[in-house]
Every structure is written in C-alpha cells, then in structure tokens.
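Asks: Just dropping this structure here.
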Amino acid sequence: MPERSHTRTPPPISRSSSSQTLPGERLPEDANDKSTKEGAYGVPGRNSEEGEGEEGDILWVDWEGPNDPLNPKNWSYKKKWAATLVVSSFTFISPVSSSMVAPASEQIAQQFGITSSVLIAMTTSVFILGYAVGPLFIGPLSEIYGRSRVLQLSNLFYLAWNTGCGFAQNQSQLIAFRFLAGIGGSAPLSVGGGVLGDTWHPEERGKAIAIYSLAPLLGPVIGPVCGGWIAERSTWRWVFWSTSIVDVIIQISGLFFLRETFAPFLLEQKAKGIRANMDPEKAGKYKHVRTVYESSDDRSWKSIFRKALIRPFQLFAFETIVQLLGIYMAFVYGLFYLFLTTMPEIFARVYHQRVGIAGLNYISLGVGLTIVSQVNARVMDKIYIYFKKKNNGVGEPEFRLPSMMPGTILLPFGLLLSGWSAQQGLHWIVTDVGIACVGAGMILVFQAIQTYLVDAFTLHAASALAAASCLRSLAGFGFPLFAPAMYAKLGYGKGDTILACLAIGLGCPAPFLLWHYVSLKRLFVLTAVTLVEFHTFTNATILSATVSQGLIHQAPEMSPKSVFKSLKSLSLGSRQKVDQELAISSTASYSDDTPPFWMERIKHQGKAPFNPDPKGYKVFRNVKDYGAVGDGVHDDTNAIK
Numbered sequence: 001m002p003e004r005s006h007t008r009t010p011p012p013i014s015r016s017s018s019s020q021t022l023p024g025e026r027l028p029e030d031a032n033d034k035s036t037k038e039g040a041y042g043v044p045g046r047n048s049e050e051g052e053g054e055e056g057d058i059l060w061v062d063w064e065g066p067n068d069p070l071n072p073k074n075w076s077y078k079k080k081w082a083a084t085l086v087v088s089s090f091t092f093i094s095p096v097s098s099s100m101v102a103p104a105s106e107q108i109a110q111q112f113g114i115t116s117s118v119l120i121a122m123t124t125s126v127f128i129l130g131y132a133v134g135p136l137f138i139g140p141l142s143e144i145y146g147r148s149r150v151l152q153l154s155n156l157f158y159l160a161w162n163t164g165c166g167f168a169q170n171q172s173q174l175i176a177f178r179f180l181a182g183i184g185g186s187a188p189l190s191v192g193g194g195v196l197g198d199t200w201h202p203e204e205r206g207k208a209i210a211i212y213s214l215a216p217l218l219g220p221v222i223g224p225v226c227g228g229w230i231a232e233r234s235t236w237r238w239v240f241w242s243t244s245i246v247d248v249i250i251q252i253s254g255l256f257f258l259r260e261t262f263a264p265f266l267l268e269q270k271a272k273g274i275r276a277n278m279d280p281e282k283a284g285k286y287k288h289v290r291t292v293y294e295s296s297d298d299r300s301w302k303s304i305f306r307k308a309l310i311r312p313f314q315l316f317a318f319e320t321i322v323q324l325l326g327i328y329m330a331f332v333y334g335l336f337y338l339f340l341t342t343m344p345e346i347f348a349r350v351y352h353q354r355v356g357i358a359g360l361n362y363i364s365l366g367v368g369l370t371i372v373s374q375v376n377a378r379v380m381d382k383i384y385i386y387f388k389k390k391n392n393g394v395g396e397p398e399f400r401l402p403s404m405m406p407g408t409i410l411l412p413f414g415l416l417l418s419g420w421s422a423q424q425g426l427h428w429i430v431t432d433v434g435i436a437c438v439g440a441g442m443i444l445v446f447q448a449i450q451t452y453l454v455d456a457f458t459l460h461a462a463s464a465l466a467a468a469s470c471l472r473s474l475a476g477f478g479f480p481l482f483a484p485a486m487y488a489k490l491g492y493g494k495g496d497t498i499l500a501c502l503a504i505g506l507g508c509p510a511p512f513l514l515w516h517y518v519s520l521k522r523l524f525v526l527t528a529v530t531l532v533e534f535h536t537f538t539n540a541t542i543l544s545a546t547v548s549q550g551l552i553h554q555a556p557e558m559s560p561k562s563v564f565k566s567l568k569s570l571s572l573g574s575r576q577k578v579d580q581e582l583a584i585s586s587t588a589s590y591s592d593d594t595p596p597f598w599m600e601r602i603k604h605q606g607k608a609p610f611n612p613d614p615k616g617y618k619v620f621r622n623v624k625d626y627g628a629v630g631d632g633v634h635d636d637t638n639a640i641k
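The sequence shown begins at 1 in full-length UniProt numbering and counts up one residue at a time.
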C-alpha cells in the first residue's frame, strides 16, 4: 500500500480553461502568498460546487497530515490504553449494579412486602430496561457533543440515582430509581465502542475490544458474588452504596485520563477557532470554514440533533447487518441475565447452599468469560491480519467472524450440560462446568459482534451499537421475567433444551450469512438511508461512475432514491464495472479521517477517465456503511454527512 500523506495528487484530467479548480487542489491566489497555501489556519483549502458564487469558497478543516498529534489514532500507546481502561471501567461498574442486587432480592421482598415473583425479578431487570432507552439518545448525543463529555455526565446521572436506590422507602421508589440509574449507566455500552473505534487502528483494535466487551459481562458476574456477602453481612442498602463508592473512584480517573476522541467534534472545535480568528484580508476568497465531515453550513442544534437522534432507528430499520446481529445479540444477552437471576435459586434449592456460598458459583461464569476473552483477544487480531493479507491488504469487518463460530457451538452445549445436570441433581461442579461453557460462548459472540459493528460503522459506531443495544437490553429485561414460570413448568433440563435449540437456530447460521451473503451485498448495493446521509456528494459520485459506464442515463437531477433504484436493478457484473470505475489509483495516498480520493471526482460526472492503476486497485466496499473504502483509506471514518 502506498504511504499515506495529507495531500492527495489526482491523476491528470483534462478540463476546460475555466478558472475553477478541482476539488482537492490547493487554491492559492498567489504562489508566494503563504496565507492561502496548505497550512493556512492549519488546514488545506479545497473548492466545492457548494459555496460558490455569492457565498464564496470553502476552507476545509482537516488533520495536519497523517501524523497529527491531535488525531486520537496518533496518540501514544500509553494514552490509548489509559482511555481504553477508563472506558472499560465505566462499562464494568454499571453492569455490576445491574446484577449485584439479585442475591439481596429476598431481603428487599421481605422489607417491602413483595410477593409476586415477577416484581421481585423486576427489581433486578428494570435496570436493564434503562439500558434499552438510554443508548437511543446518549449515543447520538455523543456524536454531537463528543464522547468524553457525554460519557462522564451520564455516569454522574447514574451515580446519583444508584445512590438514591439505597435510600428507597418502598417498592415503587426502588424500581423507578433503578430504571433511571440504568439510563445513565447505559452510556458506556453505546459510547465506549465509539471511543475505541476513534483511537485504535483496525489491526490493533481486537485487544482493546476484548477488554471492553469483557467488562459488561464480567461485571454482572462479580456483582452477585459481592452482593451475596454484603447482603448476608450487612443490609441490602449497602449493595447500592458500595457500587457508588467504587464509581466515584472511576469517575475521578476519567476526569484525568479520558480525553475527547471523536474526530468530527475535535475538528469542529478547530474550525470554531479558525472562524473566530480568521483575518478577512488573509483569508482571500474563503467565506466558509467547514470540517471534512460537513456538507453544509447548517450547524443549528435542531438540525444536528434531529439527524443524530434518528440515526439509530434508521440503522436498525434499513441495515441488514444491524438487524441480524441485533437479534442474535439480544437472545444471547437475554440468556445471560436469565442465568444471573436463576443461579441463586438453582444452587440454593437443588444444592442447598447458603446465599453467600451460592453466590460463589458465579465465579464459574466469570472463569469462562475471562479465560476465553483473553485468548480470543490475541487470536482475533491475528485472524484479521491473516485474512487482510489474503485480501490484497484490504481489511473487512467480516474478518472478525471466524472467532464467533466456536461461540455458537459452546453456548448451546453449556446450556444442555448445566440444565440437565441441575435437573438430575448431579454434582455441582458439573453444573458449574456447563455455566463456564455458556460464559465462554457468550464472550466469543459478543466480542465478534461488537468488533464487527465498530469496524463497519466506525464514525457512527455509537449509533450502531445503540441500535443493537436497545434490542438486547429489552431481552435482558424480559428473559428473567418469564424464567421462573418456564422452569417451574418444564424443569431446568427441558427449559434449557428449548433455549439451546434456539441458540443453535439463531447462532450457527449467523457467521456464515454475514460472511457470504452480507459481504457480497456490502460490495456495492446502497441503501436509501445511506444515500440520504451522503446527500449531494455521494449522489454526484455515483452518477459519475454509472454514467461513464453507460449503465444508467443521467437525469438533470436524480434523487438518492432514484439512484438507489437504478443501482439495485443492475446485475452483479454491472455493479462490478461501477466498482472498478470508482477504484482508487495507486498514485493517491491518504491520511486517516479524510475524504477518500474518489470524492475529488465529483465535478466530472463521468466525462474524464479515472485511469486506475491495477496494482493500486482496492475494491470499493462499505459504501453503504458510511463511506469506507476498506483499508484503502484505513478506516470507516472517511464519511461525509
């Protein structure tokens, strides 16, 4: 792959003797005028059809080359790992609170006079209902106001309501406070993945994701172990206060070690400084200052918030990837919380263990999660690098899927082993081995899915994770509610057999469908929602390629929906022709988080050849996933909204 650089030199293209310049060219009015060369106000200048005429030209704000220290991807390893560990700590403490109350549920029921098994289970699972609601607006807010600010403010919201749970005087107060604490505690689950996508390159992201994805599963395992002993030695109120004390320590570490990572937000802050300090005399004809992630000067709060708020719903409604992974993730997460709420009953009633001793069996779930997570952390990146080399240096999200396959087998096996051993009253160690297998299968599935979504939707990873998190959290809330009735009627053996069959039916086909079907679909089929996101830029670019190949006729103005319909009607061979037309020339080189080379061909509408160099050709992928071109541009953060 060619070395990356901040500027991109397009191949020669014939043009009329117009005063207009190509997008991507520098726009100095005088070669000796330093104020208009690259680096004026810290950014390169580019022209655009947008902003011409009365509004003048646009000064585009970008990183200062591929080694810009302000770019989070160029942070030192020490700084990256500090951010990763802080985010993982936030992601750990909130799920601890979600399940820590489970061993104390009998105490709470006695004090508040709760007799319904559903209401008893709800004191635990209503926290997860907050997980379903929170990400739908917390994730989009992080893409407006930045990851760090939203994450830490949400944590303070969680801290306040979790502390309030310890002061609850009745059942209604406790359930309401738990729900509100869950909303605040959901932020790390939706925003944390975005932080890792912002800071780590794909080849090194696996280890960071392994720690991050372990936290929300290990937290609920450690919670009941500690909660059982706290409830037995003290009172259920200290279950909440103890987690709040730990969260205060994590919050303080976040203030010192967690810096902003979201590229559009960082560049917008840079652009604000340029707008405030721009000298009209030195600015030349530049009338507008935009980041490379903006397509208009509309920065109104309502406009930005509306787009960001509806994005998770758009992703879930239109993106096959998010739908498939969201449903399977929801099932696995529901199983996880079903286990968390039923394990105390199994070991207390079947094996006659005290509350504190019964809580120790959660360690088996933690062992399965931890060991397999750390092994997979090393294997996942190696698998990714191996397939990337076989794919001519182009990385794909599908290269995360091989590690998911063993998980789809371990999960149902563990369900069958734990269910039938408890049903037959076999030694408790057999049940614990089955539970450990369930934990191992869960973490393999979770790590693969989360890394896949971060790789596929890097710029909007928070919204993609929010879309998946909503469904999984609803399952985490609902599964524990029907579990007591199911096991009472069917027993542990038959009940877990039904769940194992569902795990096989949903899980085993998933990696193969994603590898073969979705990968092919991602090659070029564009969804209408993504074309709307790309707006003018993508519409013109697609027209350029399709017209030059003679595949569709150019109308005076084609809406994104019209382009989508035309592309959808093309054969696979025709799509590949368009794909080749949009190939990246080896003469171009890139910096992270900048618009890809093909964006610079917008004005030509297919009138000039692209002259792609076969050696430098990279398959034009991930267009529907917000503008990525695989690892030809190193990231999915090249989107222009």
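Quick reminder that beta carbons are idealized off the backbone N, C-alpha and C, glycines included.
Quick caveat: nothing in here was measured; it's all calculated off a predicted structure.
According to DSSP, which residues form a beta bridge with Ile58?
Replies: If you number the sequence shown from 1, residue 58 lands on position 58. Ile58 is bridged to His288.
Asks: Give the secondary structure of Gln353 by DSSP, where H, G and I count as helix, E and B as strand, and everything else as coil.
Replies: Counting from 1 along the sequence shown, the entry for residue 353 is found at position 353. In this structure, Gln353 counts as coil in the three-state DSSP scheme.
Asks: To the nearest angstrom, how far is the alpha carbon of Glu319 from that of Gly228?
Replies: Position 319 of the sequence shown, counted from the start, is the residue given in the question as residue 319. Position 228 of the sequence shown, counted from the start, is the residue given in the question as residue 228. The straight-line gap from Cα to Cα measures roughly 42 Å.
Asks: Give the straight-line distance between the Cα atoms of Gly334 and Ser469, rounded to the nearest whole angstrom.
Replies: For this step, residue 334 is matched to residue 334 along the sequence shown. For this step, residue 469 is matched to residue 469 along the sequence shown. Between the C-alpha atoms of Gly334 and Ser469 there is a straight-line separation of about 12 Å.
Asks: Is the segment 383–400 in contact with the segment 191–210, if contact means three or more CB pairs nearer than 8 Å?
Replies: As far as the Cβ criterion goes, the segment 383–400 touches the segment 191–210, which means the pair count is three or higher.
Asks: State yes or no: is the C-beta of Tyr328 within less than 8 Å of the C-beta of Leu506?
Replies: Start at 1 with the first residue of the sequence shown, and residue 328 comes out as number 328. Start at 1 with the first residue of the sequence shown, and residue 506 comes out as number 506. Cβ distance < 8 Å, so Tyr328 and Leu506 count as in contact.
Asks: DSSP state of Pro72, grouped into three classes?
Replies: To locate residue 72, count along the sequence shown from 1; it is residue 72. It is helical.
Asks: Restricting to Cα atoms, I'd like to know which of Gly407, Asp455, Tyr77 is closest to Val394.
Replies: Position 394 of the sequence shown holds residue 394. Answer by Cα proximity: Asp455.
Asks: Can you find the residues in the same chain that come closer than 6 Å, C-beta to C-beta, to Ala181, ignoring five residues on each side of it along the sequence?
Replies: Locating residue 181 in the sequence shown gives position 181, counting from the first residue. Correct list, in chain order: Tyr158, Trp161, Asn162.
Asks: Apart from the five residues just before and just after Ser473, which ones in its own chain have a Cβ nearer than 6 Å to its Cβ?
Replies: Indexing the sequence shown from 1 puts residue 473 at position 473. Cβ neighbours of Ser473 beyond the five flanking positions: Ile128, Tyr131, Ala132.
Asks: For Leu401, does the three-state DSSP call read helix, strand or coil?
Replies: Within the sequence shown, the letter at position 401 stands for residue 401. Here Leu401 sits in coil by DSSP.
Asks: Reducing DSSP to helix, strand and coil, say where Ala121 ends up.
Replies: Counting from 1 along the sequence shown, the entry for residue 121 is found at position 121. If DSSP states are grouped into helix, strand and coil, Ala121 belongs with the helices.
Asks: Under the three-state reduction of DSSP, which class applies to Leu258: helix, strand or coil?
Replies: Locating residue 258 in the sequence shown gives position 258, where the first residue counts as 1. Coil.
Asks: Is the distance from the Cβ of Ala83 to the Cβ of Val195 below 8 Å?
Replies: What you label residue 83 is simply residue 83 of the sequence shown in a count that begins at 1. What you label residue 195 is simply residue 195 of the sequence shown in a count that begins at 1. A contact, by the Cβ cut-off of 8 Å.
Asks: With 16 other CB atoms within 10 Å as the buried threshold, where does Leu513 fall?
Replies: Within the sequence shown, the letter at position 513 stands for residue 513. When all chains shown are included, Leu513 counts as exposed.
Asks: To which residues of the same chain is Ala348 closer than 6 Å at the C-beta, ignoring the five residues directly before and after it?
Replies: Within the sequence shown, the letter at position 348 stands for residue 348. Taken in chain order, the residues that qualify are Ala358.
Asks: Does the Cβ of Phe457 have 16 or more other Cβ atoms within 10 Å, making it buried, or fewer, making it exposed?
Replies: The count along the sequence shown starts at 1 and reaches residue 457 at position 457. Result: buried.
Asks: Helix, strand or coil: how does DSSP classify Glu143 here?
Replies: Counting from one through the sequence shown, the residue named residue 143 turns up at place 143. Helix at Glu143.
Asks: Determine contact between the segment 89–97 and the segment 240–256, defined as no fewer than three beta-carbon pairs at a distance below 8 Å.
Replies: yes
Asks: Does Gly182 come out as helix, strand or coil in the three-state DSSP assignment?
Replies: One-based indexing of the sequence shown puts residue 182 at position 182. Collapsing the DSSP output to three states places Gly182 in a helix.
Asks: Considering only their Cβ atoms, is the gap separating Val191 from Ala104 smaller than 8 Å?
Replies: Against the sequence shown, residue 104 aligns to sequence position 104. Against the sequence shown, residue 191 aligns to sequence position 191. No, the Cβ-Cβ distance between Ala104 and Val191 is not below 8 Å.
Asks: Determine the contact status of Ala436 and Val350, defining contact as a CB-CB distance below 8 Å.
Replies: The count along the sequence shown starts at 1 and reaches residue 436 at position 436. The count along the sequence shown starts at 1 and reaches residue 350 at position 350. Not in contact: Ala436 and Val350 (Cβ atoms no closer than 8 Å).
Asks: Give, in chain order, every unbroken run of the alpha helix (DSSP H) that is at least 4 residues long and sits entirely within the segment 227–257.
Replies: 237–257
Asks: Excluding the 5 residues flanking Leu410 on each side, which residues of the same chain have their C-beta closer than 6 Å to its C-beta?
Replies: Your numbering for residue 410 matches position 410 in the sequence shown. So the list reads Cys437, Ala440, Gly441, once near-sequence residues are dropped.
Asks: Sorted by chain position, which residues of the same chain lie with C-beta nearer than 7 Å to Gly139's C-beta, five sequence neighbours on each side aside?
Replies: Locating residue 139 in the sequence shown gives position 139, counting from the first residue. Hits under 7 Å: Ser190, Val191, Pro312, Ala462, Ser463, Leu465, Ala466.
Asks: Could you tell me the boundaries of the alpha helix (DSSP H) in which Gln323 lies?
Replies: Within the sequence shown, the letter at position 323 stands for residue 323. Counting along the chain, the alpha helix (DSSP H) containing Gln323 begins and ends at 320–345.
Asks: Can you tell me which of the three DSSP states Gln169 falls into?
Replies: Within the sequence shown, residue 169 is the residue found at index 169, counting from 1. Here Gln169 sits in coil by DSSP.
Asks: Which residue marks the beginning of the alpha helix (DSSP H) containing Cys508, and which one marks its end?
Replies: Taking the sequence shown and counting its residues from 1, the one referred to as residue 508 is at position 508. That residue, Cys508, is in no alpha helix (DSSP H); it is neither H nor E in DSSP.
Asks: Taking Glu106 as part of the alpha helix (DSSP H), name the residues at either end of that continuous run.
Replies: The sequence position of residue 106 within the sequence shown is 106, counting from 1. Residues 105–112.
Asks: So, with DSSP's three-state summary, where would you put Pro66?
Replies: Counting from one through the sequence shown, the residue named residue 66 turns up at place 66. In the structure shown, Pro66 sits in coil (DSSP, three-state: anything other than H, G, I, E or B).
Asks: Between Pro72 and the rest of its own chain, which residues show a CB-CB distance below 6 Å, the 5 nearest in sequence each way excluded?
Replies: To locate residue 72, count along the sequence shown from 1; it is residue 72. Closer than 6 Å at the Cβ level, and outside the excluded window around Pro72, lie Asp198, Thr199, Thr261.
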